[in-house]
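Q: Sharing a structure below in structure tokens format, with a few things to ask.
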Amino acid sequence: MTSLDYTRFTTLARKILIAAQQEALAAGNPEILPAHLLLGLLGQPQSLGVQTITVLGVPLESVRAAGTAALPPAAGEARPPLPFEASAQRVLALSFEEVERLGHRYVGTEHILLALLEVENGFGPLTALGAEKAPAAAHIAAVHAAHAERTAAQPPS
Numbered sequence: 015m016t017s018l019d020y021t022r023f024t025t026l027a028r029k030i031l032i033a034a035q036q037e038a039l040a041a042g043n044p045e046i047l048p049a050h051l052l053l054g055l056l057g058q059p060q061s062l063g064v065q066t067i068t069v070l071g072v073p074l075e076s077v078r079a080a081g082t083a084a085l086p087p088a089a090g091e092a093r094p095p096l097p098f099e100a101s102a103q104r105v106l107a108l109s110f111e112e113v114e115r116l117g118h119r120y121v122g123t124e125h126i127l128l129a130l131l132e133v134e135n136g137f138g139p140l141t142a143l144g145a146e147k148a149p150a151a152a153h154i155a156a157v158h159a160a161h162a163e164r165t166a167a168q169p170p171s
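The sequence shown runs 15 to 171 under our numbering.
Right under this line is the structure:
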């Protein structure tokens, strides 16, 4: 995997990566998969990524159950640091592409969510529960636009 600039990840996005490793270790998996990233995302309930799942009408308990069901059987004791499996590496790379596409400067939880939906390509825990990338992207864009409007309306300090 080419080196990613993890300094561009928000604090919450970095916490997702840490939680994904913890999920993989707890499951006895030797590498981090997209399902681990999804479970890590759920650990940040106040994040825009998780709020977007909720806005899409997908129950978080169902996402957790589907993400857990997507994990492979335990393969024995795994030791950190765990590598990212190829499709999880793709999620991280696509997170940066989402940042560029949306004109943002950082990788947030919302970018990881969009990348997860892209990697699922209609066949994964989120899409099986009815989450789709286009409505998720529209919601995220609207939230960012509203934030930009509020920020622009504030007088300079």
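Each residue gets a CB set at the ideal place from its N, CA and C atoms; glycine is no exception. Here the structure is a predicted model, which is why all the values come from computation and not from measurement.
Sort out for me which residues DSSP pairs F98 with in a bridge.
A: I46.
Q: What does the alpha-carbon distance come out to for the pair R119 and L51?
A: Cα-Cα distance, rounded: 21 Å.
Q: Taking 7 Å as the cut-off, decide whether the C-beta atoms of A41 and L85 are in contact.
A: Yes, the Cβ-Cβ distance between A41 and L85 is below 7 Å.
Q: According to DSSP, which residues form a beta bridge with V121?
A: Answer is F23, bridged to V121.
Q: Are the region 102-118 and the region 152-161 in contact at 8 Å, needing three or more beta carbon pairs?
A: Verdict: yes, contact present.
Q: Cutting at 6 Å between CB atoms, please list the residues of its own chain near P109, excluding the five before and the five after it.
A: Residue identity differs from the one stated: residue 109 is Ser in this sequence, not Pro. Excluding sequence neighbours, S109 sits near V121, H125, I126, A129.
Q: If I follow the unbroken alpha helix (DSSP H) through G71, where does it start and stop?
A: Where G71 is concerned, there is no enclosing alpha helix (DSSP H), given that its DSSP letter is neither H nor E.
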